[in-house]
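Student: Numbering of the sequence shown is given in our numbering, commencing with residue 496 and proceeding in unit increments. Beta carbons are placed, not taken as given, at the ideal position from N, Cα and C, and that holds for glycine.
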Amino acid sequence: MDCLFCKIISGEIPSTKVYEDEFVYSFKDIAPIAPVHNLIIPKEHICCANAIDESNSAVVAKVFEAAAKIAKEEGIESYRIINNCGDDAGQTVKHLHFHMLAGVKMGWGPESLGKTE
Ligand code: 5GP
Ligand code: ZN
Numbered sequence: 496m497d498c499l500f501c502k503i504i505s506g507e508i509p510s511t512k513v514y515e516d517e518f519v520y521s522f523k524d525i526a527p528i529a530p531v532h533n534l535i536i537p538k539e540h541i542c543c544a545n546a547i548d549e550s551n552s553a554v555v556a557k558v559f560e561a562a563a564k565i566a567k568e569e570g571i572e573s574y575r576i577i578n579n580c581g582d583d584a585g586q587t588v589k590h591l592h593f594h595m596l597a598g599v600k601m602g603w604g605p606e607s608l609g610k611t612e
């Protein structure tokens with residue numbers, strides 16, 4: 496499959512690994528928007544949050560288990576997890592992924608959306 500993140504999981508495209516288990520792979524975002532910016536992805540190719548159903552939703556729990564482990568390992572007490580689903584939300588890679596952001600005091604509200612129009 497011609498999927499960037501599947502190629503990262505297989506090692507065909509290099510990445511800076513943060514965490515890996517049977518279900519999940521995590522690596523550093525190539526263009527970080529915060530001092531800590533990890534991507535956490537299921538190893539199973541799922542295009543986006545809209546494709547989550549009862550057959551595959553268990554991997555989402557694994558993603559959050561991984562996030563808690565990573566936070567512990569990296570000594571992060573506070574973090575934000577974001578999933579962009581679809582074009583308007585800014586999803587550029589069509590393999591389900593969760594941004595784990597930390598290391599900065601973050602705002603909350605309409606201005607934190609990074610609106611483009
Ligand atoms: P999205 O915009 O789809 O929610 O997030 C995709 C993320 O993948 C972006 O933050 C982008 O910087 C990151 N990204 C794109 N290509 C690569 C790559 O080849 N390696 C890594 N480590 N991150 C990538
Ligand atoms: Zn994929």
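Shorter than 7 Å from the beta carbon of LYS512 to some beta carbon of chain B?
Tutor: Given the protein chain composition of this structure (a single chain), no chain B is represented.
Student: Does the ligand ZN have a heavy atom nearer than 6 Å to the CB of PHE593?
Tutor: PHE593 Cβ: outside cutoff for every heavy atom of the ligand ZN.
Student: Closer than 6 Å: is that where the CB of GLU540 sits relative to any heavy atom of the ligand ZN?
Tutor: In the sequence as displayed, the identity of residue 540 is His instead of Glu. Indeed, a heavy atom of the ligand ZN lies less than 6 Å from the Cβ.
Student: Throw me the rounded Cβ distance for the SER521 and ALA561 pair, which I believe falls under 8 Å.
Tutor: 6 Å between Cβ atoms; contact.
Student: Tell me whether THR611 counts as near the ligand 5GP, meaning its Cβ is closer than 6 Å to at least one heavy atom of that ligand.
Tutor: No, the ligand 5GP has no heavy atom inside 6 Å of this Cβ.
Student: Verify whether the separation of the beta carbon atoms of LEU499 and VAL554 is less than 7 Å.
Tutor: Taking 7 Å as the Cβ cut-off, LEU499 and VAL554 do not qualify as a contacting pair.
Student: Say the cut is 6 Å; is the CB of HIS532 nearer than that to a heavy atom of the ligand ZN?
Tutor: No - the ligand ZN has no heavy atom lying nearer than 6 Å to the Cβ of HIS532.
Student: Just verifying my parser: in three-state terms, what is the DSSP assignment at SER573?
Tutor: Coil, per DSSP.
Student: Identify the residues that DSSP records as bridge partners of SER521: which are they?
Tutor: Note: SER521 sits in a beta bridge opposite TYR514, ILE535.
Student: May I ask you to verify whether the segment 595 to 610 touches the segment 536 to 546, counting CB pairs closer than 8 Å and requiring at least 3?
Tutor: No contact exists between the segment 595 to 610 and the segment 536 to 546.
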